[in-house]
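Report on the following structure.
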Amino acid sequence: MITIKDINFSYDRNSKVLDSLCLSLSENKIHGIVGLNGAGKTTLLNALYGLVRIDSGIISREGKNLTKKDMSFLVTESFFFSNITGREYLSLFKNHKFDSDKWNGLFSLPLDQIIDGYSTGMKKKLALLGILKQDKPIMILDEPFNGLDIETCRIIRSVLLRLKEKGKTILITSHIIETLTNLCDYIHYLEKGTINYSKEKHDFAEFERELFESIENKNVELITELIE
Amino acid sequence: MIETIVKIRFKQIYRALIGLGLIRIIFLIGLFGFIVFVLFIETSKYPDSYYVTGLTALIILMVHAKRQDKLFLKTNFDNYKRICFVEYLISVSILITFLIFHFQWIPLLLLLSALYLIIQLDLKIKKRNLNTKLQQFIPSECFEWKGGVRQTLFILVTLWIIGFCTAFFIGSVPIVLFILGIIPFSFYEKGEPYQMILAYEMGTTQFLFHKIRMQLLLFSVLTMPLIAAFLVFHFERWYIPIAEYFIFISLYIYLILTKYAFYEPNSKSTSAQIFGTIGVFSGIIPVFLPVVWLLSIRFFFKSKENLNIYLNDYN
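So the protein sequences, as listed, match chains R and A.
In terms of numbering that gives the first Met the number 0, the first sequence opens at residue 0 and continues consecutively.
In terms of numbering that gives the first Met the number 0, the second sequence opens at residue 0 and continues consecutively.
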């Protein structure tokens, strides 16, 4: 079990990005984090991975501190060093069992070409191959489906489900709620820096309906006013 | 519209300055004051005023070719050329003032004409990347060298061959060593994504020493045959290439420590670039070397502190 207890984080004194956030994540499951823009999703993932120093609170795994040794993190925007090839990027990660060419059969990337010439989707696929090569027990994926075509999204979904079966814990965010309801075991709703509620698989349909209704109702008057 | 853009530019400059910190701002103001003083002196006499004008036009041309917001300006503003012209005019306003002050009308006319011509050009710098088998011999963790060698392979190979084949001339190897020593400085300009730092799975000290060790190893592989060739022909002057070699070793240690002291993922740090320039100066004027050594010690601790957020779990 990964336990996040009462974590607080703010970039300045005026506003808290994470506000006494508590969350328990059972292992060997896929967890989705949903929230509107600015809800604190990426900050939560950064805090979990240790890229921001939280002001207070505890993040632990089975009572011990969670470290980067246990996790891999796919960030929203894929950046790479200029003038290196895809193969050279992958060769940085130490996992001799990982057959890059075999895995690349899923994505068909030109691994021997310089990454600067890759499209946005290709860069995302390469970053994902890097994450898969790291083979860590916990995978944090921030918007992994952004910029990818339907086929690749489906392939990634299948890969993630298989990885879960192999015992990985996956934490994933997405703006496309359908990608999460099709994939996750739990969805946690983040609002104003805190987890408002968590839903299990059998509640996803109701959760989706409620969420869409609430968003539409909140803006219906303004939209009517603007269009008229 | 132009007024808004200019205001935004000044705000960007202001924010960049604020980000630098007080000491570096003072240093920059000092440097700027010195340049303004030199400009004032140089624009007063012929033919120096022409050289200054030519150099300024060349710098503006380089900026125009390299700037990455041209597409943004083109797609969002009808009068993007006028915007560029006003920006360049403001950038060289001090020089224009000095040229008027010294009645240097021809250089002034040339400068304005050059600016007008530059904005008409739709320049793009095409980088040639040579993807050869040579990169396979560079260890995978030396991605800076893999990328850098791709960009500079032609110059590196040409210089190396010239240096090696003309080693019997006493000045040949030292000059080639100097240029070969300067080239890798550009390899470390940009900060890599932090995932590439984490891929080493090392603690901060171990990581820094590893980076330095690999840089020195690759530089040694590149330069040792040249030094050996020099020693064959001019053994009595052995200290020239050896001194050069050790100066560059100092500079590389400083360069790597500076990079990580101001490391920001996926970007070029202005502070690292400013301090890196001091390093380049000490390659030319060795009086600066003690400053570099002292700063290296300071930046070693600063690097450790800066990288700690990424590598703390491996310490």
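Each residue gets a CB set at the ideal place from its N, CA and C atoms; glycine is no exception.
For residue i, three-class secondary structure by DSSP
i	result
R/Glu52	The displayed chain sequence assigns Arg, not Glu, to residue 52 of chain R. Looking at R/Arg52 - three-state DSSP - the assignment turns out to be coil, as it is neither helix nor strand.
R/Met138	strand
A/Ser266	coil
R/Ile58	strand
A/Asp47	helix
A/Leu116	helix
A/Leu109	helix
R/Ile216	Inspection of the sequence shows that residue 216 of chain R is occupied by Asn rather than by Ile. R/Asn216 falls in the helix class under three-state DSSP.
R/Ser9	coil
A/Asn305	helix
R/Asn64	strand
A/Met0	coil
R/Asn94	coil
R/Phe72	strand
A/Ser139	coil
A/Leu122	coil
R/Ser14	coil
R/Glu205	helix
A/Ile93	helix
A/Ile169	coil
A/Tyr251	helix
R/Glu227	coil
A/Ile82	helix
R/Ile1	strand
R/Glu26	coil
R/Ile199	It should be noted that the sequence gives Glu, not Ile, for residue 199 of chain R. Of the three classes helix, strand and coil, the one that applies to R/Glu199 here is strand, per DSSP.
A/Asp77	coil
A/Tyr199	coil
R/Leu181	Strictly speaking, residue 181 of chain R in this sequence is Asn, with Leu absent from that position. Coil, per DSSP.
A/Lys210	helix
Closer than 8 Å to chain D by CB, residue i
i	result
A/Lys210	Absent from the structure: chain D. Protein chains present are R and A.
Paired residues, beta bridge with residue i - DSSP
i	result
R/Leu108	Partner(s): none; R/Leu108 has no beta bridge.
R/Gly31	R/Ile171, R/Ile186
A/Lys189	A/Lys267
R/Leu20	R/Ile6
A/Tyr259	Beta-bridge pairing links A/Tyr259 to no other residue.
R/Thr84	R/Ile113
R/Thr193	R/Glu190
Contact under 8 Å by Cβ, residue i with residue j
i	j	result
R/Thr84	R/Leu110	yes
A/Lys267	A/Tyr187	no
R/Leu210	R/Leu140	no
R/Leu24	R/Leu170	yes
A/Leu250	A/Ser281	yes
R/Lys40	R/Gly34	yes
A/Asn305	A/Tyr244	no
R/Ile137	R/Asp69	yes
A/Leu293	A/Ile246	no
A/Ile307	A/Thr203	The residue asked about is misnamed: residue 307 of chain A is Asn in this sequence, not Ile. The answer is yes: Cβ separation under 8 Å.
R/Gly56	R/Ile6	yes
R/Phe203	R/Thr180	yes
R/Lys124	R/Ile114	no
R/Ile29	R/Leu182	yes
R/Phe144	R/Ile194	no
Neighbour list for residue i in chain A, Cβ cutoff strictly below 8 Å
i	result
R/Glu212	Ordered by position in chain A, no residue passes the 8 Å Cβ test against R/Glu212, which lies about 38 Å from the chain.
R/Lys6	Looking at the sequence provided, one finds Ile at residue 6 of chain R rather than Lys. Simply none; closest approach about 16 Å.
Neighbouring residues, chain R, relative to residue i (Cβ below 7 Å)
i	result
A/Val198	Reading the sequence as shown, one finds Ala at residue 198 of chain A and not Val. Going along chain R in sequence order, the residues near A/Ala198 (Cβ under 7 Å) are Leu91, Phe92.
A/Met195	Phe80, Leu91
A/Gln150	Asn82
A/Lys301	None at all; the shortest Cβ gap to chain R is about 17 Å.
A/Asn265	Phe78
Neighbouring residues, chain A, relative to residue i (Cβ below 7 Å)
i	result
R/Phe79	Pro192
Interface partners of residue i on chain R, CB under 8 Å
i	result
A/Asp312	Gly49, Thr66, Lys67, Lys68
A/Glu140	Leu91
A/Lys189	Phe80, Ser81
A/Asn130	Thr84, Asp111, Gln112, Ile113
Chain R contact residues for residue i, given Cβ-Cβ distances below 9 Å
i	result
A/Lys145	Phe80, Asn82, Ile83, Thr84, Glu87
A/Arg14	Ordered by position in chain R, no residue passes the 9 Å Cβ test against A/Arg14, which lies about 16 Å from the chain.
A/Ile308	Gly49, Leu50, Val51, Arg52
Flag this pair as touching only if the stretch 25–45 of chain A and the stretch 95–107 of chain A have three or more C-beta atom pairs under 8 Å; answer yes or no. yes
Evaluate contact between the stretch 281–297 of chain A and the stretch 44–58 of chain R, counting only Cβ atoms and requiring at least three cross-stretch pairs below 8 Å. no
Do the stretch 78–93 of chain A and the stretch 107–123 of chain A touch if we need at least three Cβ pairs shorter than 8 Å? Yes, they touch.
Below 8 Å, how does it come out for the stretch 112–131 of chain R and the stretch 88–100 of chain R: are there three or more Cβ pairs, yes or no? yes
The stretch 198–205 of chain A contacting the stretch 155–164 of chain A, beta-carbon criterion three pairs below 8 Å: By the Cβ criterion, the stretch 198–205 of chain A is not in contact with the stretch 155–164 of chain A, since fewer than three pairs of Cβ atoms, one from each stretch, lie closer than 8 Å.
Examine the Cβ distances between the stretch 231–241 of chain A and the stretch 166–184 of chain A and report whether three or more of them are shorter than 8 Å. Here the stretch 231–241 of chain A makes contact with the stretch 166–184 of chain A; the two share three or more CB pairs at distances below 8 Å.
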